[in-house]
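Below is one structure, written out as structure tokens; comments come after it.
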Amino acid sequence: MRKPCCEKQGTNKGAWSKQEDQKLVDYIRRHGEGCWRTLPQAAGLLRCGKSCRLRWINYLRPDLKRGKFAEDEEDLIIKLHALLGNRWSLIAGRLPGRTDNEVKNYWNSHLRRKLMNMGIDPKNHRLNQNLPRSQNRCASGCATTSSASKEIVSHPLKTRLGENDQLSEAASCLEDSTRCLPDLNLDLKITIDHSSSISIVEEEKKQIDESTLSRDSECDTRPTLLLFG
DNA sequence: AATAATGTCAACCGCATTAAA
DNA sequence: TTTTAATGCGGTTGACATTAT
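Using UniProt numbering, you'd call the opening residue of the first sequence number 1 and step up by one each time.
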């Protein structure tokens, strides 16, 4: 049996009080982030380190944006989800001031339903076959209206058994979309306002692909895709 | 006005991954 | 190389708010 992450006896749970927040913020301002295990005691908090970390990352960090998601942020989340699946921390990493928890909650409460209403399966970003084509729009951002020009370069996507099935499904969906949605420009290269977002995504996908390829290198008929918003 | 249903979001839990010994 | 502890991540839960009946 695995030990608990930290001593749980006598620790508080549930919502944080203002005083607790203040103690945590003060401590991190003085000593910086890290060493979450010892932080609670050092900061005079009756919380487990995990709880402190989560509170800081999701709520107290000064660089958090909070508030309503902008339309271009929505677009980006949808596109990144199509590429990366439920890798919320990766997705959130491309949205300055947003946390993985926030992105995940927003996806589950807003975007998922939005896609479903558009006749799109939010799991794999495929068009729902039951709806007439005129009602089907591409999930990967092309049905949105953001004015910002965007680029998503998808690296070769391949199936990794189990956890990454979503990736390959999304990839094949994107591939399909070139055929079924001729108005979608999947040619190559546009720029994006989210500064370095795409190049970093590209890098991360490369890493995913590399680990994928190292497992099954026999197949190399992989599409290179690029989406326009 | 009261109650039920539904939505939202902060926080927790358990597993996976990484780093250190 | 193996073991162990710390940290990170995604799924899930539960409290509270809002909307519908």
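Glycine is no exception: its CB is placed at the ideal position from the N, C-alpha and C atoms.
The structure presented is a predicted model; accordingly, all values stated were derived computationally and were not measured.
query = Straight-line CA distance for E20 to L90?
reply = Answer to the nearest angstrom: the Cα atoms are 29 Å apart.
inquiry  = On the criterion of 16 or more Cβ atoms from any shown chain inside 10 Å, does Q135 qualify as buried, or is it exposed?
reply    = With a pLDDT of 43 at Q135, under the threshold of 50, the modelled position of that residue is not reliable, and no figure is offered here.
request  = Would you list, in sequence order, the uninterrupted alpha helix (DSSP H) runs of no fewer than 4 residues that lie entirely inside the UniProt domain "Myb-like" (8-60)?
outcome  = Fully enclosed alpha helix (DSSP H) runs of 4 or longer: 18-31, 39-43, 49-55.
ask   = For P132, which residues of its own chain have a beta-carbon under 8 Å away from its beta-carbon, when the five flanking residues on both sides are left out?
value = The pLDDT assigned to P132 is 41, lower than 50, so where the model puts this residue is not dependable, and the model offers no usable value.
key: Nearest-angstrom Cα separation, counted from K114 out to N128   = Linking N128 to K114 through their CA atoms gives a straight-line distance of about 13 Å.
task = Within the same chain, show all residues whose beta-carbon is closer than 8 Å to that of T38, passing over the 5 residues directly before and after it, in chain order.
result = Counting only Cβ-Cβ distances below 8 Å, and skipping sequence neighbours, we find G49.
query = Going by the beta-carbon positions, is the gap between K65 and R98 smaller than 8 Å?
reply = Contact flag set, yes.
query = Out of curiosity, what's the CA-to-CA distance linking P122 and S109?
reply = One C-alpha to the other measures close to 12 Å.
ask   = From Q22 to D63, what does the alpha carbon distance come to, in whole angstroms?
value = Cα-Cα distance, rounded: 16 Å.
R112 - DSSP class collapsed to helix/strand/coil = DSSP places R112 in the helix class (H, G or I) of the three-state scheme.
ask   = Going by other Cβ atoms of all chains shown within 10 Å of its Cβ, with 16 needed for buried, is R126 buried or exposed?
value = Of the other Cβ atoms in all chains shown, 16 or more fall within 10 Å of the Cβ of R126; this residue is therefore buried.
message = Can you tell me whether L127 is helix, strand or coil according to DSSP?
response = Three-state result, L127: strand.
Alpha carbon of A42 to alpha carbon of I120, nearest angstrom = Taking the straight line joining both Cα atoms gives about 49 Å.
request  = Quickly, what does DSSP pair I77 with across the bridge? List them, please.
outcome  = For I77, which the question treats as bridged, DSSP gives no partner whatsoever.
request  = Would you check if the distance between the CB atom of W107 and the CB atom of H81 is smaller than 8 Å?
outcome  = Contact flag set, yes.
key: Local Cβ density within 10 Å of N117, reported as buried at 16 or more and exposed below that   = Looking at its Cβ environment, which holds fewer than 16 other Cβ atoms inside 10 Å, N117 is exposed.
query = Hey, would you say L60 sits closer than 8 Å to V25, going by beta carbons?
reply = In this structure, V25 lies closer than 8 Å to L60 by Cβ.
query = Mapping DSSP to helix, strand and coil, what is D63?
reply = The answer is coil: DSSP assigns D63 none of H, G, I, E or B.
message = Quick check on this structure: which residue in D72, W36, P40, E33 has the alpha carbon closest to the alpha carbon of N12?
response = Minimum Cα distance to N12 is reached at P40.
query = What separation, rounded to the nearest whole angstrom, lies between the Cα atoms of G93 and I77?
reply = Approximately 11 Å, taken between the alpha carbons.
task = Go ahead and label A15 buried or exposed: buried means 16 or more other beta carbons lie within 10 angstroms of its beta carbon, across all protein chains shown.
result = It is exposed - the Cβ of A15 has fewer than 16 other Cβ atoms within 10 Å.
message = Which same chain residues end up closer than 7 Å to L45 when comparing Cβ atoms and leaving out the 5 residues on each side of it in sequence?
response = Cβ-Cβ distances below 7 Å link L45 to E20, K23, L24, C52 in the same chain, with the five nearest sequence neighbours on each side left out; the list follows chain order.
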